[in-house]
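Here's the structure, in structure tokens; my notes come after.
Residue numbers (my numbering): 12 to 986.
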């Protein structure tokens with residue numbers, strides 16, 4: 012593999028240098044930053060043009076210089092409050108089996124934090140990558156190499172009625188996030204203690220000849236225990252060997268270690284804790300207690316009056332707990348306890364005496380290392396199928412299955428009006444890891460009526476022998492079954508594997524059903540705001556309270572912090588009034604039975620469709636939040652309140668803003684327009700996201716203001732939301748007399764996209780006369796025009812959203828989409844020169860090969876005069892052109908799902924993101940969306956439709972097609 016170059020920064024060598032030799036080297040008092048009680052993104056990938064390499068940060072600091080600490084945290088002390096540092100696995104949720112059995116309580120960094128962002132609001136960052144066309148297939152990955160700690164680590168998004176898995180310490184199917192986007196999610200741990208998660212970045216050069224990577228970089232999680240900055244001991248073995256071996260006061264002390272069930276009930280979750288008590292036997296002793304779990308550091312606390320007690324959440328499985336005493340007075344002596352096997356389920360106290368051996372790292376279930384040099388392909392065939400769920404008219408079981416069970420790739424499936432459409436009406440994202448199959452339930456109701464253009468994009472891992480492949484088909488009607496077979500394109504110089512006759516596909520097993528952003532910088536003053544009208548259809552933004560200093564003191568304003576890269580190459584600040592949010596049909600959400608808590612009634616009755624901008628980012632849907640980051644609260648003793656008022660809406664429509672409860676528990680409603688104005692009260696810098704609900708298509712105007720107590724900070728300013736319905740004319744979701752607090756459809760996971768600038772002119776809010784795309788609910792819609800098969804030399808400009816706030820008397824036909832560049836990726840910019848199989852870089856310090864932590868050797872010693880013994884513990888250490896295969900005639904689409912109420916419209920809908928954006932009463936209530944990291948299709952971001960046309964578009968369309976030359980084969984099947 013002489014042509015393959017590896018570009019890394021001595022990854023493996025640095026990793027070994029950074030990896031501690033034993034768990035006791037773990038206290039992190041010397042880290043430059045212990046992150047807790049705040050919003051933080053880690054890892055954040057950073058690309059360096061000068062060295063063609065990556066590095067990993069915690070916000071803007073090298074990740075290896077930081078540690079994330081999860082202390083205990085609660086929302087309050089009342090009966091309805093909860094422990095934010097704990098997560099309980101609910102009953103009747105077999106899709107959560109990867110977390111443990113029903114009732115298991117986990118240590119957790121929550122997806123939605125408590126007051127003051129406690130215990131920590133941690134997520135993944137989109138990073139500083141720049142243009143992605145420098146990478147083959149515009150693809151790069153964040154890879155989890157290994158996790159070393161006392162238990163298991165899982166990272167996932169809670170969608171309320173389902174979850175999306177991202178990364179796992181023990182399941183190697185979840186070890187890569189493709190093109191990371193800004194994502195907030197749960198990070199859970201089965202045992203308390205210190206964990207080291209080792210990451211690296213991977214990509215290929217655009218011509219495929221070089222592999223770019225980062226050093227393997229550790230991220231430390233301190234789970235439970237005291238603040239690491241309070242530690243005084245760096246290495247327990249050295250401290251023990253240097254401590255006094257015998258008492259000097261003549262007392263015949265008998266130290267003990269006792270574990271017992273915590274009996275106090277001061278805070279929520281206290282009933283799950285275990286008290287760990289060290290008693291030296293002499294009431295005058297003082298010193299330090301060092302406590303470990305399975306040989307990994309948990310905490311260091313002071314010993315006063317001969318005793319020290321800590322209360323921690325142990326795992327559901329028993330762990331080995333040990334305490335080491337280091338004297339701090341002139342009389343007491345060092346001591347090592349025996350280990351105690353104890354779990355959160357134990358209630359009887361256990362007391363043990365001393366030993367002369369310090370337990371080394373000994374996780375009984377060590378995490379595997381995943382660090383391949385090369386990923387071969389045994390079959391090119393990938394099957395994609397949608398099958399109607401029995402008893403439903405719009406719910407489908409979507410299955411992506413690779414014939415090669417070891418294929419590692421991300422995929423995106425899109426249903427669009429035509430090849431030239433930008434926003435999918437229905438879409439699904441996910442990843443293929445170990446096992447090669449991903450299954451989800453998806454609502455395709457909005458995509459059933461008319462023939463659709465289907466595109467499947469597969470992006471293999473950069474180390475794979477396969478390259479990005481696109482398969483598509485036009486004029487496909489969604490019937491009871493739709494299937495497509497994609498044939499992966501192989502890297503130049505790599506022989507395609509022999510393809511055996513495909514075996515009959517087993518019936519896909521759907522996920523088990525139950526038995527029933529932001530930037531923390533101080534905002535800029537209003538004078539720097541952009542005021543050109545802009546329409547934002549996807550990406551992250553916040554409506555932000557700003558402040559500025561002047562001669563008269565602090566003044567306040569409002570701005571939109573726009574990270575979507577719409578009509579901009581970087582994040583910008585905009586005026587609120589110039590901003591329009593475009594909501595496509597893929598935001599349609601059907602309230603499932605699993606969200607039956609009355610607080611979710613703002614979604615209408617179960618089975619009712621609304622349009623929801625979800626709490627967690629979805630790459631195909633705009634993601635608006637609220638922020639007071641950078642505000643000086645010392646000048647605001649009454650805090651800062653953001654007010655919400657619905658100034659304009661289609662007749663009978665409703666708007667709501669709420670945050671969902673964990674696993675579908677009760678929601679917190681901040682705004683329900685049927686009950687009056689909304690208010691978000693803050694007492695410290697806040698960045699929050701929630702679910703924005705719009706009950707009907709049309710144009711909305713929402714006013715945002717700010718006040719502190721009775722003092723007005725900013726007069727209300729309004730932004731516009733345009734909701735497009737698609738093919739169906741839907742009445743607003745019924746508004747009940749007394750709607751209950753709002754629910755949270757599980758946030759659909761989606762890290763922030765890394766789009767490229769839109770080549771089209773920026774849309775304006777004063778479009779030329781054209782059919783409105785904001786129809787008010789009314790009579791049946793007119794017939795949609797057939798999709799445009801290809802651009803003409805002088806097409807009719809597509810209409811832009813109407814600026815007229817009044818709802819139209821009846822919906823107009825959806826305009827034919829304006830021809831625009833086909834977003835499917837084009838061939839690499841240079842020839843691929845990689846031979847058939849990559850060679851091992853034995854002589855380079857690249858990030859390759861397995862990594863592990865060596866087990867410590869046993870040393871002799873005793874509890875009296877000799878050094879401590881160390882017991883051995885187990886350590887874990889492109890594109891392809893589509894073919895012209897015929898499309899079989901599909902059956903007619905089934906009828907739409909009957910309405911849940913007489914006033915509701917046909918229940919059809921679209922989904923976008925890693926998990927279905929909608930559900931219905933006939934669909935499974937819960938399911939696992941196995942997605943280790945969704946990734947957007949590499950395409951230019953478009954703020955809205957424009958009416959211009961240039962031959963330049965034709966060049967962009969024709970050249971990639973001519974160059975591609977038959978890379979991806981497919982078969983389309985419908986019945």
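Here a beta-carbon is modelled for each residue, glycine too, at the ideal position from N, C-alpha and C.
*asked:* Quick check on DSSP: helix, strand or coil for residue 486?
replied: Working through the chain shown from its first residue, we reach residue 486 at position 475. Residue 486: strand per DSSP, three-state reduction.
_Which residues DSSP lists as bridging residue 438, in chain order_ = Position 427 of the chain shown holds residue 438. Paired residues: 425.
*With DSSP run on the structure shown, which of helix, strand or coil describes residue 859?*
For the purposes of this step, residue 859 is identified with residue 848 of the chain shown, where counting begins at 1. Here the model assigns residue 859 a pLDDT of 36, short of 50, so the residue's position is not dependable and the matter cannot be decided.
_If distances are taken between C-alpha atoms only, which option among 207, 189, 195 and 155 comes closest to residue 5?_
No information on residue 5 is available, as it lies outside the stretch 12 to 986 that the chain covers here.
*Residues in its own chain within less than 7 Å of residue 435 by CB, not counting five upstream and five downstream?*
As a first step, residue 435 must be located in the chain shown, where it is residue number 424. Result list for residue 435: 425, 426, 427, 597, 631 and 923, in chain order.
*Can you tell me the Cα-Cα spacing of residue 212 and residue 81, whole angstroms?*
Translated into the one-based positions of the chain shown, residue 212 becomes position 201. Translated into the one-based positions of the chain shown, residue 81 becomes position 70. Going from the Cα of residue 212 to the Cα of residue 81 covers about 25 Å.
_On the DSSP letters alone, give me the boundaries of the beta strand (DSSP E) that residue 248 sits inside._
Along the chain shown, one-based indexing puts residue 248 at 237. No beta strand (DSSP E) holds residue 248; the alpha helix (DSSP H) holding it covers 247 to 253.
*Using the DSSP secondary-structure output, state which residues sit across from residue 194 in a beta bridge.*
Sequence index remark: in the chain shown, residue 194 carries index 183 (1-based). Listed as beta-bridge partners of residue 194 by DSSP are 135.
*Taking residue 130 and residue 48 to be in contact with their CB atoms under 8 Å, please state how far apart those CB atoms are, rounded to whole angstroms.*
Position 119 of the chain shown, counted from the first residue, corresponds to residue 130. Position 37 of the chain shown, counted from the first residue, corresponds to residue 48. Right, their Cβ atoms sit about 7 Å apart.
*Given a cut-off of 7 Å, decide if residue 215 and residue 139 are closer than it, judged by their beta-carbon atoms.*
In the chain shown, the residue the question calls residue 139 occupies position 128. In the chain shown, the residue the question calls residue 215 occupies position 204. No, they are not a contact pair.
*Rounded C-alpha distance that separates residue 354 from residue 223*: Along the chain shown, read from residue 1 onward, the residue named residue 354 stands at position 343. Along the chain shown, read from residue 1 onward, the residue named residue 223 stands at position 212. Rounded to the nearest angstrom, the two C-alpha atoms are 44 Å apart.
*Per DSSP, residue 718 forms a beta bridge with which residues?*
Locating residue 718 in the chain shown gives position 707, where the first residue counts as 1. For residue 718, which the question treats as bridged, DSSP gives the partners 652 and 723.
*Would you identify the three-state DSSP class for residue 338, choosing helix, strand or coil?*
Numbered from its first residue, the chain shown carries residue 338 at position 327. In this structure, residue 338 counts as strand in the three-state DSSP scheme.
_Presumed contact (8 Å Cβ cut-off) between residue 135 and residue 191, rounded CB distance_ = Locating residue 135 in the chain shown gives position 124, where the first residue counts as 1. Locating residue 191 in the chain shown gives position 180, where the first residue counts as 1. Sure, about 5 Å apart at Cβ, within 8 Å.
*asked:* Using the three-state DSSP reduction, which class does residue 323 fall into: helix, strand or coil?
replied: For the purposes of this step, residue 323 is taken as the residue at position 312 of the chain shown. Of the three classes helix, strand and coil, the one that applies to residue 323 here is strand, per DSSP.
*First and last residue of the beta strand (DSSP E) that includes residue 702?*
Within the chain shown, the letter at position 691 stands for residue 702. That run of the beta strand (DSSP E) goes 702 to 705.
*Which two residues bound the contiguous beta strand (DSSP E) that contains residue 148?*
Residue mapping note: residue 148 aligns to position 137 of the chain shown, counting from 1. 146 to 159 is the span of the beta strand (DSSP E), which, as asked, contains residue 148.
*Would you check if the segment 489 to 509 and the segment 249 to 264 touch, i.e. whether three or more CB-CB distances between them fall below 8 Å?*
Contact between the segment 249 to 264 and the segment 489 to 509 is absent, because fewer than three Cβ pairs lie under 8 Å.
*Compute the beta-carbon to beta-carbon distance between residue 443 and residue 418, rounded to the nearest angstrom, for a pair I have assumed lies under 8 Å.*
Position 432 of the chain shown, counting from 1, holds the residue named residue 443. Position 407 of the chain shown, counting from 1, holds the residue named residue 418. At roughly 5 Å, the Cβ-Cβ gap stays under 8 Å, so residue 443 and residue 418 are in contact.
*Give the straight-line distance between the Cα atoms of residue 308 and residue 329, rounded to the nearest whole angstrom.*
One-based indexing of the chain shown puts residue 308 at position 297. One-based indexing of the chain shown puts residue 329 at position 318. The straight-line gap from Cα to Cα measures roughly 16 Å.
*Are residue 576 and residue 633 closer than 7 Å when you measure CB to CB?*
Stepping through the chain shown from its first residue, residue 576 is reached at position 565. Stepping through the chain shown from its first residue, residue 633 is reached at position 622. No; because the gap between Cβ atoms is not below 7 Å, this pair is not in contact.
*Kindly indicate which three-state DSSP category residue 430 falls into: helix, strand or coil?*
Residue 430 sits at position 419 when you count from the first residue of the chain shown. Note: residue 430 maps to coil in three-state DSSP.
*By the 10 Å Cβ neighbour count, where 16 or more other Cβ atoms means buried, how is residue 359 classified, buried or exposed?*
Here residue 359 is taken as the residue at index 348 of the chain shown, counted from 1. Classification of residue 359: exposed, given that the 10 Å Cβ count is below 16.
*Is it buried or exposed for residue 141, if we count other Cβ within 10 angstroms and need 16 for buried?*
The count along the chain shown starts at 1 and reaches residue 141 at position 130. Counting Cβ neighbours within 10 Å, residue 141 comes out exposed, since fewer than 16 surround it.
*Close beta carbons around residue 55, own chain, < 6 Å, minus the five adjacent residues each side*: Within the chain shown, residue 55 is the residue found at index 44, counting from 1. So the list reads 68, 136 and 138, once near-sequence residues are dropped.
*In whole angstroms, what is the alpha-carbon distance linking residue 615 and residue 638?*
Residue numbering aside, residue 615 sits at position 604 when the chain shown is read from its first letter. Residue numbering aside, residue 638 sits at position 627 when the chain shown is read from its first letter. C-alpha separation (whole angstroms): 28 Å.
*Are the Cβ atoms of residue 459 and residue 493 separated by less than 7 Å?*
Along the chain shown, one-based indexing puts residue 459 at 448. Along the chain shown, one-based indexing puts residue 493 at 482. Taking 7 Å as the Cβ cut-off, residue 459 and residue 493 do not qualify as a contacting pair.
_Per-residue DSSP class, three states only, for residue 472_ = Against the chain shown, residue 472 aligns to sequence position 461. Coil.
*Decide if residue 401 is buried, meaning its Cβ has at least 16 other Cβ atoms within 10 Å, or exposed.*
Taking the first residue of the chain shown as 1, we reach residue 401 at position 390. With fewer than 16 Cβ atoms within 10 Å of its Cβ, residue 401 is classed as exposed.
*asked:* I need the straight-line Cα distance from residue 700 to residue 689, nearest angstrom please.
replied: Taking the first residue of the chain shown as position 1, residue 700 is located at position 689. Taking the first residue of the chain shown as position 1, residue 689 is located at position 678. Going from the Cα of residue 700 to the Cα of residue 689 covers about 15 Å.
*If residue 320 and residue 369 are in contact, beta carbons under 8 Å, what's the gap, nearest whole angstrom?*
As a working note, residue 320 is residue 309 in the chain shown. As a working note, residue 369 is residue 358 in the chain shown. Between residue 369 and residue 320 the Cβ distance is about 21 Å, and since that is not below 8 Å, they are no contact.
_For a test of your reading of the model: does the CB of residue 575 fall under 6 Å from any non-hydrogen atom of the ligand PLP? Yes or no._
With respect to the ligand PLP, the structure shown offers nothing to examine, as it has no ligands at all.
_In DSSP terms, what residue 363 is bridged to_ = Here residue 363 refers to the residue found at position 352 of the chain shown. Answer by DSSP bridge pairing, in chain order: 268.
*asked:* Can you find the residues in the same chain that come closer than 7 Å, C-beta to C-beta, to residue 990, ignoring five residues on each side of it along the sequence?
replied: The requested residue 990 is not part of the displayed model; the chain covers only 12 to 986.
*Grab the span of the beta strand (DSSP E) containing residue 558 for me, first residue to last.*
The count along the chain shown starts at 1 and reaches residue 558 at position 547. Segment 550 to 561, the beta strand (DSSP E) holding residue 558.
*Which residues mark the beginning and the end of the beta strand (DSSP E) in which residue 479 is found?*
Numbered from 1 along the chain shown, position 468 holds the residue referred to as residue 479. Where residue 479 is concerned, there is no enclosing beta strand (DSSP E), given that its DSSP letter is neither H nor E.
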